[in-house]
Amino acid sequence: MKKLSFLFGFLILLVSCQQEKQPQFTSMFNGKDLSGWDTYLTAPYDTLQKLGLNYGDPFPDSIVFGVNNDPLGVFTVVEKDGAPAIRISGQIFGCIASQKEYENYHFHLQFKWGEKKWAPRTEAPRDCGLLYHSGGPFGVGSSTWMRSLECQIQERDCGDFYPVGAAYTDIPALPNNENRFYTYKVGAPLVTFGGDLWRCQRDKNWESLPGKWTSIDLYTVGDTSIHVVNGHKNMVLFHNRQIVDGKEVPATKGKIQIQSEGAEVFVRDMRITPITHLPKALLNQK
């Protein structure tokens with residue numbers, strides 16, 4: 327009987343220890359408003375057209391809405407599928423940006439596409455993006471976003487990598503014979519992305535079916551990061567770095583941006599937890 331009691335107590339202690347090891351996430355969305363976030367918007371597309379401009383061109387300061395000026399309600403809090411969500415209309419290129427910088431963390435969100443699409447991307451796949459290690463002023467990347475690394479959120483392309491501004495990384499990848507891009511491949515030689523080589527495609531499409539929510543998880547420790555879509559590793563990035571004041575420095579921390587880029591999208595369950603190491607199962611390159 328004493329042995330059974332000891333075993334029972336040991337099991338309780340073991341379960342308690344395992345529970346203590348579970349990551350404690352902090353919500354980055356209170357379900358009511360955009361507390362903790364700043365908004366940034368460029369200008370409506372019709373305004374750019376009148377000036378002979380397009381998204382990505384340098385913008386006169388006089389036409390840019392700028393920080394926390396959202397007269398058209400591009401960013402609003404709504405109820406979607408019975409729970410609060412941030413609606414990003416996509417009408418104007420811009421983003422929400424965390425007011426805090428983060429380093430060594432696991433970040434999670436869920437997104438779901440809406441119906442609306444806006445010029446100049448009415449015929450293009452719906453697009454958004456999770457930009458991390460963001461720093462410097464707005465307007466550096468495509469005349470809109472802060473310098474950063476991007477985990478792409480786009481129809482059929484979730485998890486792709488894009489450098490935003492002067493950002494670089496090394497990814498195991500092989501040339502894709504169907505186009506001029508490279509595709510992530512476990513065990514492949516490292517390829518440097520940034521500058522003229524500006525996209526690395528995910529290996530497989532793990533995005534949910536239309537009308538369903540898709541989960542995005544970003545793990546980043548030091549200068550290494552991992553993109554995960556619906557629980558599936560899409561890509562591992564090594565030696566993340568940026569050009570700051572003319573010098574190449576490791577990219578290990580910064581703000582988080584969620585893009586507005588021509589498509590309606592709903593975002594919810596944004597949360598973050600600090601981590602000290604990357605999960606071995608995801609980091610494994612075999």
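Numbering (my numbering), first residue to last: 327 to 612. Glycine is no exception: its CB is placed at the ideal position from the N, C-alpha and C atoms.
Under 9 Å between C-beta atoms of residue i and residue j
{"i": "P498", "j": "G521", "result": "no"}
{"i": "G491", "j": "G462", "result": "yes"}
{"i": "D496", "j": "T518", "result": "yes"}
{"i": "L367", "j": "S586", "result": "yes"}
{"i": "A584", "j": "C421", "result": "First, the residue type needs correcting, since residue 584 is Ile and not Ala in the sequence shown. In this structure, C421 lies closer than 9 Å to I584 by Cβ."}
{"i": "D595", "j": "L435", "result": "yes"}
{"i": "F305", "j": "D543", "result": "This structure cannot settle anything about residue 305, because the visible part of the chain is limited to 327 through 612."}
Continuous beta strand (DSSP E) stretch holding residue i: start and end
{"i": "A409", "result": "A409 to I414"}
{"i": "Y494", "result": "A493 to P501"}
{"i": "Y431", "result": "Y431 to K443"}
{"i": "D615", "result": "Since the first and last residues shown for the chain are 327 and 612, residue 615 lies out of range."}
Distance between residue j and residue i (C-alpha atoms, nearest Å)
{"i": "F507", "j": "T550", "result": "21 Å"}
{"i": "H617", "j": "Y381", "result": "The requested residue 617 is not part of the displayed model; the chain covers only 327 to 612."}
{"i": "Y545", "j": "R567", "result": "16 Å"}
{"i": "E405", "j": "L500", "result": "42 Å"}
{"i": "T365", "j": "Y371", "result": "18 Å"}
{"i": "T402", "j": "R413", "result": "5 Å"}
{"i": "N502", "j": "P446", "result": "27 Å"}
{"i": "I418", "j": "A369", "result": "6 Å"}
{"i": "G408", "j": "W439", "result": "16 Å"}
{"i": "E504", "j": "N395", "result": "42 Å"}
{"i": "M354", "j": "A411", "result": "12 Å"}
{"i": "R598", "j": "K579", "result": "This sequence places Ile at residue 598; Arg is not what is there. If you take the alpha carbons of I598 and K579, they lie about 14 Å apart."}
{"i": "S331", "j": "A493", "result": "With a pLDDT of 49 at S331, under the threshold of 50, the modelled position of that residue is not reliable, and the figure given next carries that caveat. S331 and A493: Cα-Cα distance of roughly 58 Å."}
{"i": "S342", "j": "Y510", "result": "Reliability fails at S342, whose pLDDT of 43 lies under 50, so the model's placement of it is uncertain and the value that follows must be treated cautiously. Rounded to whole angstroms, S342 to Y510 spans 39 Å at the Cα level."}
{"i": "Y431", "j": "K606", "result": "15 Å"}
{"i": "D529", "j": "H558", "result": "10 Å"}
{"i": "K581", "j": "V547", "result": "15 Å"}
Extent of the continuous alpha helix (DSSP H) to which residue i belongs
{"i": "F607", "result": "The amino acid at residue 607 is misidentified as Phe; the sequence shows Ala. It spans K606 to L609 - the alpha helix (DSSP H) in which A607 sits, taken as one unbroken run."}
{"i": "T373", "result": "Y371 to K376"}
Outcome for residue i when other beta-carbon atoms lying within 10 angstroms are tallied against a minimum of 16
{"i": "H553", "result": "buried"}
{"i": "Q350", "result": "exposed"}
{"i": "D486", "result": "buried"}
{"i": "N560", "result": "buried"}
{"i": "W363", "result": "buried"}
{"i": "S424", "result": "buried"}
{"i": "E427", "result": "exposed"}
{"i": "H603", "result": "exposed"}
{"i": "V393", "result": "exposed"}
{"i": "L563", "result": "buried"}
{"i": "V570", "result": "exposed"}
Beta-carbon contacts of residue i that lie in its chain and below 7 Å, excluding the five residues immediately before and after
{"i": "V466", "result": "M472, R473 and G491"}
{"i": "I338", "result": "Because I338 sits at a pLDDT of 45, beneath the cut-off of 50, its placement in the model cannot be relied upon, and the following sentence gives the value as read from the coordinates. Answer for I338: no residue qualifies."}
Contact set for residue i: own chain, Cβ-Cβ below 6 Å, skip 5 residues either direction
{"i": "E476", "result": "G455, L457, Y488 and V490"}
{"i": "A589", "result": "G416, K443, R452 and D453"}
{"i": "E533", "result": "C484 and T540"}
{"i": "P576", "result": "D549 and R567"}
Same chain, Cβ closer than 8 Å to residue i, five either side skipped, listed in chain order
{"i": "N556", "result": "W532, E533, S534, T540 and S541"}
{"i": "W524", "result": "Y488 and P489"}
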